[in-house]
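See structure below.
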Amino acid sequence: MVINEDMVYAMIAGYSKKGLWEKDEAFVRIVESSGMELNADSFVHLAAGYCVAGQMVKAAETMKKAISISTPEWKPNTKALAACLKCQGVVGSSRRAFQVSHGALSFRTSYL
């Protein structure tokens, strides 16, 4: 069976939405050990899964990784980012999280 990037992304997003961070983490390890590089959105979804499970330190580290591997034109998945920011108490609403997400990218180099 051939696994492509779309399948990997869907699996990570699905596990994260369900709060199954341990399965998500194991899946990411398997994918990375196969030599496939994950994109920044995959790590944003993983961070959101950590937030759902209350794993805030892991969520913050994973968000840092997502931003550090992103390209300059990258825009995060706003639903996953909003969920993560809301869980961390950074923002009070999805709309504010969306605004924060676009502003946060400009701080990429100075805060990582």
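Numbering-wise, the sequence shown is residues 514 to 625 according to the working numbering. Yeah, the Cβ is synthetic: ideal placement off N, Cα and C, and Gly gets one too.
With 16 as the cutoff for other CB atoms within 10 Å, does residue i come out buried or exposed?
| i | result |
| --- | --- |
| Thr-584 | exposed |
| Asp-537 | buried |
| Gly-562 | buried |
| Ala-656 | With the chain covering only 514 through 625, there is no way to say anything about residue 656. |
| Ala-539 | exposed |
| Ala-541 | Reading the sequence as shown, one finds Val at residue 541 and not Ala. Its Cβ being crowded by 16 or more others within 10 Å, Val-541 is buried. |
| Ser-581 | exposed |
Taking the alpha carbon of residue i as the point to measure from, which residue in the options has its own alpha carbon closest?
| i | options | result |
| --- | --- | --- |
| Lys-578 | Asp-554, Glu-586, Gly-562 | Asp-554 |
| Ile-525 | Glu-545, Phe-556, Val-565, Glu-550 | Phe-556 |
| Ala-595 | Met-576, Trp-587, Ile-582 | Met-576 |
| Ser-547 | His-558, Val-521, Ser-529, Cys-564 | Val-521 |
| Trp-587 | Asn-552, Glu-574, Val-565 | Asn-552 |
| Gly-532 | Glu-518, Gln-568, Val-544 | Gln-568 |
| Val-544 | Cys-564, Ile-516, Ile-582 | Ile-516 |
| Tyr-559 | Ile-582, Glu-535, Ser-581 | The amino acid occupying residue 559 in the given sequence is Leu; Tyr does not appear at that position. Selected option, being the one with the closest Cα: Glu-535. |
| Glu-550 | Asp-519, Ser-529, Thr-591, Gly-527 | Asp-519 |
Quick check: is the beta carbon of residue i nearer than 8 Å to any beta carbon in chain B?
| i | result |
| --- | --- |
| Tyr-522 | No chain B is present in this structure, which holds just one protein chain. |
Query raised in the report: Curious, which full-length alpha helix (DSSP H) runs of at least 4 residues does the region 523-584 contain?
Result: 534-546, 553-565, 569-582
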